[in-house]
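Inspection log for the structure reproduced underneath, given as structure tokens.
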């Protein structure tokens with residue numbers, strides 16, 4: 013703060029705030045991890061129910077998927093945080109954080125898994141049924157392992173987006189990494205250093221996840237395809 | 022009709038105008054710049070491709086919130102003053118163009134190699150091959166994911182509220198605050214419900230169009 017003539021770039025400033033930023037990063041990772049795991053489970057379950065054409069449940073799932081895919085995540089977050097208390101349900105920032113990410117990612121993944129399951133060649137399931145497998149067993153042993161692999165690239169894409177979108181919680185002042193950074197900038201005015209620093213953190217984690225996703229996709233690639 | 026509905030609806034409509042304008046500007050700039058960068062990604066020159074690849078990885082990898090904050094807070098530091106609309110438009114265009122570029126690259130590379138080779142044999146330059154042979158064919162394949170991106174960008178405009186643009190979401194927030202301050206209920210459920218409904222009515226037809234077009238291609 014010695015320079016009065018103008019702004020100068022001071023990366024050392026980040027070091028003074030490492031503790032706060034670390035805590036923020038942990039919160040980001042916590043809501044992201046719960047959101048990603050939940051989005052995966054919800055996606056597989058709802059995608060399976062849709063693909064199995066369970067009556068009524070399927071229509072309800074379609075409605076859920078369309079509502080969450082065709083409205084902005086940020087408005088969904090605001091609804092959970094500001095509108096739900098009106099109905100008597102008050103959720104704290106942490107809960108809205110993971111829950112909104114889970115609901116959003118779950119909707120996209122339900123659609124991804126459904127499409128994956130329905131892309132499995134019909135002959136496999138018919139052969140399975142001809143061998144005497146009940147319908148659910150045929151799904152579990154044939155459609156699920158094949159369809160999940162077909163869906164994998166789009167599913168991992170959504171999971172990475174869930175992580176990136178955890179930064180939306182800045183809008184409800186939940187002190188994850190972005191909100192922590194914005195708060196520090198508000199008192200120190202050192203915007204360049206701060207956004208460069210957390211930008212690098214987000215980019216590094218996104219690239220790491222992409223590498224992981226690529227490895228998983230190769231490991232589970234359906235043999236003989238592509 | 023309760024007396025608060027009229028003023029709030031008018032306020033939201035004003036916000037919606039900002040939202041629509043921001044969406045149109047970002048979509049147009051994103052499509053234009055993204056097609057250009059996407060075409061560059063298919064160039065034979067490695068260094069040129071690397072530059073475009075870096076651009077795409079940075080603006081696709083960063084959370085949009087960070088992009089918007091960085092532009093809004095960092096540009097003034099280097100002496101460029103931007104208002105919230107401009108900052109949001111720049112940020113959304115950068116993010117949108119990087120995503121469009123990936124779609125365009127994928128679509129161009131999905132066109133059988135023989136098409137480009139035949140065009141080259143006929144004496145077409147790179148721009149000619151792109152303009153008359155590859156892009157027209159790639160456009161058909163790119164259309165469904167591009168419509169998906171248009172929907173995505175339209176939804177992401179709501180993030181401009183985070184840096185203070187008076188869009189439909191910010192208008193809803195201010196209405197809720199005002200109603201709370203004037204005593205009584207905030208009416209957050211119907212107000213935010215209306216914002217959700219507006220986006221839903223805009224986005225659902227586009228999503229359905231994209232799905233219909235995708236099925237038609239197969």
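Protein chains in written order, with the numbering used here: chain A, 13 to 238; chain B, 22 to 239.
We put the beta carbon where it would ideally sit given N, CA and C, even for glycine.
If you're wondering where the values come from, they're calculated on a predicted model, not measured in any experiment.
Anything in chain C within Cβ reach of residue i, meaning under 7 Å, just list it in chain order.
i, result
"residue 87 (chain A)", "Checking the listed chains, one finds no chain C in this structure; the protein chains it contains are A and B."
Quick one: list the residues of chain A neighbouring residue i, beta-carbon separation under 9 Å, in chain order.
i, result
"residue 79 (chain B)", "211, 215"
"residue 130 (chain B)", "The premise fails here: residue 130 (chain B) is roughly 14 Å from chain A at the closest Cβ pair, so nothing lies under 9 Å."
"residue 158 (chain B)", "Going along chain A, no residue has its Cβ under 9 Å from residue 158 (chain B), so there is no contact; the nearest lies around 21 Å."
"residue 136 (chain B)", "Simply none; closest approach about 21 Å."
Residues of chain B with CB closer than 9 Å to the CB of residue i, please, in chain order.
i, result
"residue 219 (chain A)", "78, 82"
"residue 74 (chain A)", "Ordered by position in chain B, no residue passes the 9 Å Cβ test against residue 74 (chain A), which lies about 12 Å from the chain."
"residue 182 (chain A)", "86, 90, 183"
"residue 197 (chain A)", "90, 94"
"residue 125 (chain A)", "Neighbours of residue 125 (chain A) on chain B: none; closest Cβ ~16 Å, over 9 Å."
"residue 168 (chain A)", "In chain order: nothing, as chain B lies at least about 14 Å away."
"residue 190 (chain A)", "84, 86, 87, 90"
"residue 91 (chain A)", "209, 210, 213, 214, 216, 217"
Just reading off the alpha helix (DSSP H) that residue i is part of, what are its end residues?
i, result
"residue 239 (chain A)", "Limits of chain A in this structure are 13 at one end and 238 at the other, which puts residue 239 (chain A) out of reach."
"residue 83 (chain A)", "Here residue 83 (chain A) belongs to no alpha helix (DSSP H), and DSSP marks it neither H nor E."
"residue 120 (chain A)", "105 to 130"
"residue 231 (chain B)", "209 to 238"
"residue 57 (chain A)", "30 to 63"
Give me the Cβ distance between residue i and residue j, rounded to the nearest whole Å; I'm assuming they're in contact under 8 Å.
i, j, result
"residue 183 (chain B)", "residue 54 (chain A)", "Contact flag wrong, Cβ pair sits at about 27 Å."
"residue 219 (chain B)", "residue 37 (chain B)", "6 Å"
"residue 177 (chain A)", "residue 228 (chain B)", "The pair is not a contact, with the Cβ atoms about 19 Å apart (cut-off 8 Å)."
"residue 165 (chain B)", "residue 235 (chain B)", "4 Å"
"residue 103 (chain A)", "residue 96 (chain A)", "6 Å"
"residue 51 (chain A)", "residue 174 (chain A)", "6 Å"
"residue 44 (chain B)", "residue 114 (chain B)", "Not really, about 11 Å apart at Cβ, beyond 8 Å."
"residue 210 (chain B)", "residue 189 (chain B)", "About 16 Å separates the two Cβ atoms, so there is no contact after all."
"residue 119 (chain B)", "residue 77 (chain B)", "5 Å"
"residue 105 (chain A)", "residue 214 (chain A)", "Wrong, their Cβ atoms sit about 19 Å apart, outside the cutoff."
Residues of chain A with a CB under 8 Å from the CB of residue i: which are they?
i, result
"residue 225 (chain B)", "78, 82"
"residue 228 (chain B)", "78, 81, 82"
Residue i versus chain B: which residues are under 8 Å apart at the beta carbon?
i, result
"residue 177 (chain A)", "84"
"residue 112 (chain A)", "Result: empty, since nearest Cβ-Cβ is about 13 Å, beyond 8 Å."
Can you pull the chain A neighbours of residue i, defined as C-beta to C-beta under 7 Å?
i, result
"residue 207 (chain B)", "98"
"residue 124 (chain B)", "The contacting residues do not exist; residue 124 (chain B) stays about 13 Å from chain A at best."
"residue 197 (chain B)", "94"
What does residue i reach in chain B if we use C-beta pairs closer than 7 Å?
i, result
"residue 194 (chain A)", "90"
"residue 207 (chain A)", "87, 90, 91, 94, 95"
### Inter-stretch contact (C-beta, 8 Å, three-pair minimum) for the segment 73 to 87 of chain A and the segment 110 to 120 of chain A
yes
#### Entry: Every unbroken alpha helix (DSSP H) inside the segment 110 to 191 of chain B [4 residues or more]
134 to 142, 156 to 177
### Task
With a floor of 3 residues, list each beta strand (DSSP E) that falls wholly inside the segment 33 to 93 of chain B, ordered by position along the chain.
none
### Task
Give, in chain order, every unbroken run of the alpha helix (DSSP H) that is at least 4 residues long and sits entirely within the segment 139 to 178 of chain A.
147 to 150, 156 to 177
### Message
Within 8 Å, do at least three Cβ pairs link the segment 82 to 93 of chain B to the segment 144 to 157 of chain B?
### Response
Counting Cβ pairs under 8 Å, fewer than three are found: no touch.
### Query
Is the segment 26 to 42 of chain A in contact with the segment 190 to 204 of chain A, if contact means three or more CB pairs nearer than 8 Å?
yes
### Query
Does the segment 160 to 172 of chain B come within contact of the segment 226 to 234 of chain A, defined as at least 3 CB pairs closer than 8 Å?
Short answer: they don't touch.
### Message
Count Cβ pairs between the segment 144 to 160 of chain A and the segment 89 to 103 of chain A that sit closer than 8 Å; are there 3 or more?
### Response
The segment 144 to 160 of chain A is not in contact with the segment 89 to 103 of chain A.
### Message
Between the segment 195 to 210 of chain A and the segment 52 to 67 of chain A, can you find at least three pairs of beta-carbon atoms closer than 8 Å?
### Response
Contact between the segment 52 to 67 of chain A and the segment 195 to 210 of chain A is absent, because fewer than three Cβ pairs lie under 8 Å.
### Cβ contact check for the segment 127 to 140 of chain B and the segment 103 to 119 of chain B: 3 or more pairs under 8 Å
no
### Message
Pairs of beta-carbons, one from the segment 125 to 136 of chain B and one from the segment 55 to 71 of chain B, closer than 8 Å: are there three or more?
### Response
yes
### Query
Counting Cβ pairs closer than 8 Å, one from the segment 216 to 232 of chain B and one from the segment 98 to 111 of chain A, do we hit at least three?
By the Cβ test, the segment 216 to 232 of chain B is not in contact with the segment 98 to 111 of chain A, since fewer than three Cβ pairs between them sit closer than 8 Å.
### Query
Touch check for the segment 164 to 178 of chain B and the segment 220 to 227 of chain A: three-plus C-beta pairs under 8 Å?
no
### Query
If you pair each beta-carbon of the segment 170 to 181 of chain A with each one of the segment 130 to 141 of chain A, do three or more pairs fall below 8 Å?
no
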